[in-house]
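Taking the UniProt record's numbering, the leading residue of the sequence shown gets 1, the next gets one more, and so forth.
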Amino acid sequence: MFHPFTNPEDYTTMTTTTFDRLGIWNWERPDINDEVRYAKYAEDAGFDSVWQGESRLVRDAMSVLGAYTQVTDEVDLATGVTNCYTRNVALMAQTFSTLDELSGGRAKLGVGAWWDPLASKVGIDREQPLRRMWEYCTVTRKLLDLENVTYEGQTLSVEDIELDLVRSDAEARSVPILIGATGLTMNEMSGELVGEGIVDGVMMNYLIPPEHNEKAMAKLEEGAERRGGSLDDIDRPQLIAVSMNEDADVAIDNARNLATQYIGQQPHIRKACGIDEDLGEAVSERLGGWPADAEAIEEASELVSDDVVTNIVAAGTPEDCVERVGTYCETGCTEPVLYSLDDNVEEVIDVFAEYKAE
């Protein structure tokens, strides 16, 4: 394994930043067994959560989370995030009832509205993502509370269904639900759902600048207060991409391709970044659509400057990364969920563990 630095304790005196909570995010490591190992490693280092990505058609999150339940004892285990379309609402409730049992009550459901063109390519109509999220979370919560549910909505309908727990623990499943919110309207609605007692918070997205968090906080608070809640009621973990190396230039270069992909392929990310529209369109054109091959990504990345990369990725030396992640906490994040872009996952865990508040 590549080791960009040797002793994380060497970096503990460089910043006063501390973190009350920390998580890691796993997704598509070449060897899936490494993801299982990182989950255990993070728990041993004092981290609070492990999140499993499920964005593109790579690995499904549920199978891997099941594996995590068998090698960890204390960390929360969450999807970061799954979507509110491909699993019907009954199956989602059934799945998280099972993960709740396997983990001893440590499962969390992070759920988002997915994205095009992937959704349309598999036959999903995303014309009403806000309405879908409201209805999906509402019915899921009722099912996890072991209610019998009949619901007639605009995007989903169920009749006389409930979790059939005759032969298992028939207690309500206290599974926190967090909405993967990037757009300001989705944040506002998420605040309303927290105020209604349906969801517990949001999982804020990655590859956006900290300044976007400030706008999201205002919308979250507005939505929550409309329904009798407050911003303090809203949990706000955030996925943050980390590219760490003793050589800051190397770290930035290592993050450029991912930044390029998201700027060019996911308009909601581009909008949240405040990327110049002409640049975004130029990057998208060079990528040539979704999915893009490695050669197209490399060519398009020539358009993405260092400033753009460091605006949306915690990229640089260990001190740079810790301080940048701290900026996300200062602007609203309650728990950084770190995604190491390189194969130095354990080293990133070690460095940030040194800044964990006692």
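Ideal placement from N, C-alpha and C gives every residue a C-beta, glycine not left out.
Expressed to the nearest angstrom, what Euclidean distance is found between the alpha-carbon atoms of E211 and L220?
Going by the C-alpha atoms only, they are around 15 angstroms apart.
To the nearest angstrom, how far is the alpha carbon of L143 from that of L163?
Each residue's Cα considered, the two are about 6 angstroms apart.
Examine the Cβ distances between the region 52–70 and the region 28–39 and report whether three or more of them are shorter than 8 angstroms.
They touch, by the three-pair rule.
Curious, which full-length beta strand (DSSP E) runs of at least 3 residues does the region 211–260 contain?
Listed in chain order, they are 237–244.
With C-beta atoms as the reference, is P237 less than 9 angstroms away from S49?
Yes, Cβ-Cβ distance for P237 and S49 is below 9 angstroms.
Mind listing, in chain order, the continuous beta strand (DSSP E) runs of no fewer than 3 residues lying wholly within the region 60–102?
Counting whole runs of 3 or more residues, the region 60–102 contains the beta strand (DSSP E) stretches 76–79.
What first and last residue would you give for the alpha helix (DSSP H) that runs through W134?
P129 to L144 is the span of the alpha helix (DSSP H), which, as asked, contains W134.
Would you say Y355 reaches chain C, if we count a Cβ-Cβ gap shorter than 9 angstroms as a contact?
The structure shown contains no chain C, having only a single protein chain.
Report the residue from C329, L303 and D125 whose alpha carbon sits nearest the alpha carbon of D235.
Per the Cα distances, C329.
Which residue wins for smallest C-alpha separation from L156, given the options G326, Y136, L338 and V75?
The shortest Cα separation from L156 among G326, Y136, L338 and V75 belongs to Y136.
For H3, I'd like the list of residues in its chain whose CB is within less than 8 angstroms of its CB, leaving aside the five on either flank, ordered along the chain.
Reliability of the predicted coordinates at H3 is poor, the pLDDT of 33 falling under 50, and no value is obtained from them.
What residues in its chain sit with their C-beta under 6 angstroms from that of A172, if we drop five residues either side in the sequence?
Only D145 and L146 meet the Cβ criterion.
Decide yes or no for the touch test of the region 301–316 against the region 253–267: beta carbon pairs closer than 8 angstroms, at least 3 of them.
Yes, they touch.
Quick one: what does DSSP say L165 is sitting in, helix, strand or coil?
Coil.
When the Cα of D116 is compared with those of G110, I124 and L109, which residue comes out closest?
Nearest C-alpha to D116: I124.
For A357, is the classification buried or exposed, using 16 other Cβ atoms within 10 angstroms of its Cβ as the cut-off for buried?
With fewer than 16 Cβ atoms within 10 Å of its Cβ, A357 is classed as exposed.
Out of Q266, L102, T182 and L118, state which residue places its alpha-carbon closest to the alpha-carbon of L130.
Selected option, being the one with the closest Cα: T182.
I need the boundaries of the alpha helix (DSSP H) containing K121, first residue and last residue.
Segment L118 to K121, the alpha helix (DSSP H) holding K121.
Once the 5 residues before and after A353 are set aside, which same chain residues still bring their CB inside 8 angstroms of it?
If we look at A353 and ignore the five residues flanking it on each side, its Cβ neighbours are P8, L22, A45, G46 and F47.
Mind checking which residues open and close the beta strand (DSSP E) that includes N26?
G23 to N26 is the span of the beta strand (DSSP E), which, as asked, contains N26.
Here's a check: name, in chain order, each residue in its chain whose Cβ is nearer than 8 angstroms to the Cβ of G105, leaving out the five neighbours to either side.
Cβ neighbours of G105 beyond the five flanking positions: S174.
How would you call K121, buried or exposed, if buried means at least 16 neighbouring beta carbons within 10 angstroms?
Flag for K121 reads exposed.
Going by beta-carbon coordinates alone, are L341 and V322 separated by less than 9 angstroms?
No, Cβ-Cβ distance for L341 and V322 is not below 9 angstroms.
Give every residue of the same chain whose Cβ lies closer than 7 angstroms to the Cβ of T334, excluding the five residues on either side of it in the sequence, and list them in chain order.
Within the same chain, T334 has close Cβ partners R21, D235, R236 and P237.
What is the C-beta distance between A39 and V71, in whole angstroms, given that I count them as a contact (C-beta under 8 angstroms)?
Going by Cβ atoms, the distance from A39 to V71 rounds to 6 angstroms, so yes, they are a contact pair.
Look up A107 in the DSSP assignment and give the residues it is bridged to.
Beta-bridge pairing links A107 to L77.
Name the residue from N26, S305, E281 and N245 whose alpha carbon lies nearest to the alpha carbon of G316.
Out of N26, S305, E281 and N245, N245 has the C-alpha closest to the C-alpha of G316.
Answer with buried or exposed for Q154, where buried requires no fewer than 16 other C-beta atoms within 10 angstroms of its C-beta.
So Q154 ends up on the exposed side.
Rounding to the nearest angstrom, what Cα-Cα distance links D247 and W134 in this structure?
Roughly 45 angstroms between the two C-alpha positions.
Can you look up I124 in the DSSP assignment and give me helix, strand or coil?
Looking at I124 - three-state DSSP - the assignment turns out to be coil, as it is neither helix nor strand.
Leaving out five residues before and five after S284 in sequence, what residues of the same chain have Cβ atoms less than 6 angstroms from its Cβ?
So the qualifying residues of the chain are G264.
By a C-beta neighbour count over all protein chains shown, 10 Å radius and 16 as the cutoff for buried, is P336 buried or exposed?
Flag for P336 reads buried.
Taking DSSP as the reference, what is the three-state secondary structure of S49?
Three-state DSSP puts S49 in a strand.
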